[in-house]
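Asks: Provided herewith is a single structure, encoded as structure tokens, for subsequent inquiry.
Residue numbers (our numbering): 22 to 210.
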């Protein structure tokens with residue numbers, strides 16, 4: 022970053038780019054254009070930490086917009102760990118089928134009182150395409166902790182959303198059908 026811009030909170034246009042200074046003294050160059058449309062699945066028990074996570078993502082990724090299931094490209098899916106991490110994550114994965122080929126950010130929320138708790142990497146339990154998994158720590162009193170684990174998760178999802186925004190969804194190639202197959206389909210329709 023150039024020294025004359027250090028400490029300046031500036032949003033302006035320059036060659037179809039928008040300059041935004043991030044909170045960690047780095048610069049983010051974000052292409053003008055449409056915002057990535059997201060949907061959230063938020064369990065009632067963890068409304069506050071989910072709202073804190075979303076707001077942190079929006080601060081880093083200004084090109085995120087909440088949308089409906091039909092219009093969204095990505096889903097932020099929050100999974101509070103109630104019993105065992107593996108069991109709760111597997112239950113969530115079964116529920117993800119209703120989102121089809123949408124990009125999914127699986128945000129695993131671990132309830133604890135220790136903001137520096139070492140937790141196992143939940144992504145080892147997930148092998149679904151177009152899915153990223155991150156782990157966060159929270160408590161009922163403080164909500165989402167301000168800690169290294171959560172900072173890492175927020176940064177990872179923000180970067181992933183940028184990639185999703187600039188990724189064209191792969192369209193399935195149309196299967197070529199023979200003339201007889203088309204006729205048979207027309208008869209049954």
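Virtual Cβ for every residue (Gly too), placed ideally from N, Cα, C.
With a 10 Å radius around its C-beta and 16 neighbouring C-beta atoms as the bar for buried, classify residue 92 as buried or exposed.
Replies: exposed
Asks: If you pair each beta-carbon of the region 96-103 with each one of the region 111-126, do three or more pairs fall below 8 Å?
Replies: Yes, they touch.
Asks: Who does residue 164 pair with in a DSSP beta bridge?
Replies: 160
Asks: My understanding is that residue 81 touches residue 175, with C-beta atoms under 8 Å, so please give their C-beta distance in whole angstroms.
Replies: Their Cβ separation, rounded to whole angstroms, is 7 Å, which keeps residue 81 and residue 175 in contact under 8 Å.
Asks: Between which two residues does the beta strand (DSSP E) harbouring residue 59 extend?
Replies: If you look at residue 59, you'll find it in the beta strand (DSSP E) that goes 57-62.
Asks: Using the C-alpha atoms, what's the distance from residue 150 back to residue 71?
Replies: 23 Å
Asks: Using only alpha-carbon positions, find the residue among 201, 183, 146, 77 that is nearest to residue 110.
Replies: The candidate whose alpha carbon is nearest that of residue 110 is 146.
Asks: Bridge partners for residue 154 per DSSP, in chain order?
Replies: 127
Asks: Pick from 154, 122, 165: whose alpha carbon is nearest that of residue 76?
Replies: Here the closest residue by C-alpha is 165.
Asks: Taking only three categories from DSSP, how would you classify residue 53?
Replies: The predicted position of residue 53 is uncertain, since its pLDDT is 46 and thus under 50; a value taken from the coordinates is nonetheless stated next. Assignment of residue 53 by DSSP, reduced to helix, strand and coil, places it in the coil class.
Asks: Rank 133, 119, 89 by C-alpha distance to the C-alpha of residue 163 and give the top, closest one.
Replies: 133
Asks: I need the boundaries of the beta strand (DSSP E) containing residue 97, first residue and last residue.
Replies: Boundaries of the beta strand (DSSP E) harbouring residue 97: 95-101, taken from the DSSP string.
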